[in-house]
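Worksheet: one structure, shown below.
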Amino acid sequence: MSIFDDLQQAIIDGKSPLAKELTEKGLSEGLRPAEFFPNAIIPSMNEVGRRMRECEFFIPEVLIAARAARASTDILRPLLVGDEAVSSAGTVVCGTVKGDLHDIGKNIVAMMLESAGFEIVDLGVDVSPEKVVEAVRQHQANVVAMSALLTTTMVNMKAVIEALASAGLRDQVKVMVGGAPVTEAWARSIGADGYGKDASAAVETARSLLAA
Amino acid sequence: MTEKKNYRIVLQPTHAELTAPAGTSLRDLLFEQGVEFPCGGQGRCRGCRVRVHEGTTEINAAQRERLSAQELANGWRLACQCSVVDNLVIELRQWDAAILADDTAFSFVPREGLGAAVDLGTTTLVAQLVNLATGKVMAVRTALNAQARYGADIMSRLQFATSGGGQATLNHLIRQQIAGLIRQLILLAKVPGSDLRDVVLVGNTVMHHLFCGIDVEPLSHYPFESKELDLQTFRARDLEWDLSDRSVIRFLPCLGGFVGSDILAGILATKLGESRELTGLMDLGTNGEIVVGNRERLFCASTAAGPAFEGARISMGMRAATGAISQAEVKNERLVCHVLGNAAPQGLCGSGLVDVVAAGLEMGAIQESGRLANGAKEWMLAPPVVLTQNDIRELQLAKAAIAAGARILLERSGTSFADLKELYLAGAFGNYIRHASAQRIGLINLPSERIAPAGNTALLGAKLAMFSLDGEDGSYTQLRHRIEHVALKADTNFQDIFVEELTFPSSNHVHS
């Protein structure tokens, strides 16, 4: 088994110290930091996503796997140089909408996207439309990803899309939405570009939106 | 198959008439009529005793243990231990005695007339008519909240209320429905409606606002706080109710956030605010409410458990009615399910769900992570009823919300589960849930002997309030000063603790 295989397994099993140790070992053996992403980090998070979709993994398993992935990427990211560092898959501004404080789903989405190579600007919870507009402008974001867990707050996703439009930024960013009460039909009705049924769908959705 | 013989059962004092096939347990029959079974129908307490005036019923060992020879000779039985084998006329001790059962510490000033106590729940309504001179319950009615068609849980109800004109619809609907219930109570008890003096309503903050006509918009988003929590007083004409103008209708005050007067009433009923020792009250429903404290200080919170405990969002979930698996246990390494109404299994209600998962953990059919063993997608309980992987996930979300809420509340009060002398469990679910199972799945981290089922504390508290209203108006200013509402949704640790509580405790962890 290669170090990459071992690292994949460590991430799936949620073993942070082991993931850290294997990353350091690989680097000391001369593996290039950028190689870790396509060979270990991304495939392991894809596997975590698959297990989540199939109900095999639940929130705790996903979170500890993501934490293990982060133990590895925290070492790798500062070492990326030149082209490697800027060749991120895209910049995503994410947050839980105004009036809503639920952030477990949003955090999983952020971690999934991050391990898939996206640059993440996490605005946290109870995020106003103005804050989203400001972050999109400042970070030249490609994607806005919004979460809501309450039927009473998901209406604020629409407010974000409207705010982006009136700031003249709507054409520059793709908007994707998700969260327990959000449906695909509803996402379409408010003019979102993409919808993820659960956090595991986020990476696919973001990729296909940017490819389009 | 031959048709089972049907028998006729008459309930006193309401004169309600029921028909039931031979073999139907009185527990199932009376539960649907609003009778409560404090020990969950296990024959461990005397809470469900009834007096059989006509007809025969069996006497088993549990009844000989709990009832004296004299009581048995006088026709007293434990309803939970009897099934229908004859036409019966039964007197319901519970409706008769709900207030007077408390005669040690509670004294009331008798006065003329009648009062009605109403527990206005998000899902169900219970109303009782009480003779204010004797404290006796004269009639009881239960109903599903008519607002439920506009959203089963509080958040979807709020969404309907805050979107164009919804609030007025809900306001009108609930006032009409409660007027109807009160009319039925008066008819049932065969008393003049003009004798009705007092109506006391209790319910959570959303129900309070929707009934009283207060804007619910502040409750629909962070920080989920309304400024108008106080006692609301109405005259019959304000509500367009067909009652005497002398009658006063009061909706008791809320405590903060979603925690309303049903919990205030629960504190009155369980005397939490008078206890020297640390005690607690938990009401498990779509919204779980928790109170802990003593006579000096009380802390309360509500936590959104979702509808899993009521059987909703469970693939074969149903309410606790005929055909529901309501209990389950492991016998000889096999799962044995109890089905309400002695009928063919149709689904799973909240208490059954908790039991089944606890049993699954014991049998190794469910892992501590919540995963079904051997990668199974579902578990056959009693054909055709299955438990799916996703059902377990729903239960994990619900129990983690409650367990995390309780942990934070105890931390806030500077205490822990170990310090909790007793935890009262309110509501129908609290009555039916098996305490050992609740502990096994990590819902309540307390041994069974420190958990006490408390019945409908909201209704009992509302009745107590009705009698003490003579002295004061029902605003409970002093008591409310000692109760602090903790906003769990605003607690930054909540989500972390919630995730920690998602898994099931390991078997050697379930504690002592």
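Chain order of the listed sequences is A and B.
Position in the first sequence (from 1) plus 796 gives the number in the numbering used here.
Position in the second sequence (from 1) plus 92 gives the number in the numbering used here.
Glycine included, C-beta positions come from ideal geometry on N, C-alpha and C.
Below-8 Å beta-carbon distance, residue i vs any chain A residue
{"i": "LEU594 (chain B)", "result": "yes"}
{"i": "SER318 (chain B)", "result": "no"}
{"i": "ASN386 (chain B)", "result": "no"}
{"i": "ASP195 (chain B)", "result": "With a pLDDT of only 34 at ASP195 (chain B), under 50, the local geometry of the prediction cannot be trusted, and the value read off the model is given with reservation. Not closer than 8 Å to any Cβ of chain A, the Cβ of ASP195 (chain B) fails to qualify, so no."}
{"i": "GLY497 (chain B)", "result": "no"}
{"i": "ASN98 (chain B)", "result": "no"}
{"i": "VAL177 (chain B)", "result": "no"}
{"i": "LEU473 (chain B)", "result": "no"}
{"i": "ARG463 (chain B)", "result": "yes"}
{"i": "THR254 (chain B)", "result": "yes"}
{"i": "GLN459 (chain B)", "result": "no"}
{"i": "ALA114 (chain B)", "result": "no"}
Closer than 8 Å to chain B by CB, residue i
{"i": "ILE855 (chain A)", "result": "yes"}
{"i": "LEU859 (chain A)", "result": "yes"}
{"i": "ASP802 (chain A)", "result": "no"}
{"i": "CYS890 (chain A)", "result": "no"}
{"i": "GLY845 (chain A)", "result": "no"}
{"i": "THR979 (chain A)", "result": "no"}
{"i": "ASP994 (chain A)", "result": "no"}
{"i": "GLY964 (chain A)", "result": "no"}
{"i": "ASP922 (chain A)", "result": "yes"}
{"i": "LEU946 (chain A)", "result": "yes"}
Whole-angstrom distance between residue j and residue i, CA atom to CA atom
{"i": "GLN481 (chain B)", "j": "ALA468 (chain B)", "result": "8 Å"}
{"i": "PRO829 (chain A)", "j": "ALA396 (chain B)", "result": "44 Å"}
{"i": "THR1001 (chain A)", "j": "ALA328 (chain B)", "result": "57 Å"}
{"i": "ALA190 (chain B)", "j": "ILE589 (chain B)", "result": "Reliability fails at ALA190 (chain B), whose pLDDT of 39 lies under 50, so the model's placement of it is uncertain and the value that follows must be treated cautiously. Roughly 39 Å between the two C-alpha positions."}
{"i": "ILE182 (chain B)", "j": "LEU122 (chain B)", "result": "11 Å"}
{"i": "TRP168 (chain B)", "j": "THR111 (chain B)", "result": "21 Å"}
{"i": "SER868 (chain A)", "j": "VAL905 (chain A)", "result": "18 Å"}
{"i": "PRO284 (chain B)", "j": "ASP337 (chain B)", "result": "14 Å"}
{"i": "GLY444 (chain B)", "j": "GLN968 (chain A)", "result": "52 Å"}
{"i": "LEU356 (chain B)", "j": "ARG267 (chain B)", "result": "22 Å"}
{"i": "CYS140 (chain B)", "j": "VAL232 (chain B)", "result": "16 Å"}
{"i": "ARG485 (chain B)", "j": "ARG499 (chain B)", "result": "21 Å"}
Residue i, buried or exposed, once every other Cβ within 10 Å from all chains shown has been counted against 16
{"i": "ALA260 (chain B)", "result": "exposed"}
{"i": "LEU594 (chain B)", "result": "buried"}
{"i": "SER599 (chain B)", "result": "exposed"}
{"i": "THR116 (chain B)", "result": "buried"}
{"i": "HIS300 (chain B)", "result": "buried"}
{"i": "SER508 (chain B)", "result": "exposed"}
{"i": "PRO475 (chain B)", "result": "exposed"}
{"i": "GLN934 (chain A)", "result": "exposed"}
{"i": "PRO345 (chain B)", "result": "buried"}
{"i": "HIS145 (chain B)", "result": "exposed"}
{"i": "ALA253 (chain B)", "result": "buried"}
{"i": "GLY398 (chain B)", "result": "buried"}
{"i": "PRO874 (chain A)", "result": "exposed"}
{"i": "GLY257 (chain B)", "result": "exposed"}
{"i": "ARG846 (chain A)", "result": "exposed"}
Residues bridged to residue i [DSSP beta-bridge criterion]
{"i": "ALA518 (chain B)", "result": "B:ASP375, B:GLY547"}
{"i": "LEU164 (chain B)", "result": "None; LEU164 (chain B) has no bridge partner."}
{"i": "SER175 (chain B)", "result": "B:SER117"}
{"i": "GLY385 (chain B)", "result": "B:THR371, B:LEU390"}
{"i": "ASN223 (chain B)", "result": "B:LEU206"}
{"i": "TYR99 (chain B)", "result": "B:ALA112"}
{"i": "LEU217 (chain B)", "result": "B:LEU212, B:ALA235"}
Short Cβ contact (8 Å threshold) for residue i with residue j
{"i": "SER911 (chain A)", "j": "ILE837 (chain A)", "result": "yes"}
{"i": "TYR991 (chain A)", "j": "VAL999 (chain A)", "result": "no"}
{"i": "LEU517 (chain B)", "j": "ALA546 (chain B)", "result": "yes"}
{"i": "ALA416 (chain B)", "j": "LEU432 (chain B)", "result": "yes"}
{"i": "SER312 (chain B)", "j": "THR948 (chain A)", "result": "yes"}
{"i": "GLY901 (chain A)", "j": "SER943 (chain A)", "result": "yes"}
{"i": "ALA393 (chain B)", "j": "HIS573 (chain B)", "result": "no"}
{"i": "LEU502 (chain B)", "j": "VAL428 (chain B)", "result": "no"}
{"i": "VAL929 (chain A)", "j": "LEU965 (chain A)", "result": "yes"}
{"i": "GLY372 (chain B)", "j": "LEU535 (chain B)", "result": "no"}
{"i": "PHE401 (chain B)", "j": "PHE596 (chain B)", "result": "no"}
{"i": "ALA361 (chain B)", "j": "LEU212 (chain B)", "result": "no"}
{"i": "LEU184 (chain B)", "j": "TYR99 (chain B)", "result": "no"}
{"i": "LEU280 (chain B)", "j": "LEU206 (chain B)", "result": "no"}
{"i": "ARG158 (chain B)", "j": "THR214 (chain B)", "result": "no"}
Residue i beta carbon near the ligand ZN (any heavy atom closer than 7 Å)
{"i": "THR362 (chain B)", "result": "The ligand ZN is not part of the structure shown, which contains no ligands of any sort."}
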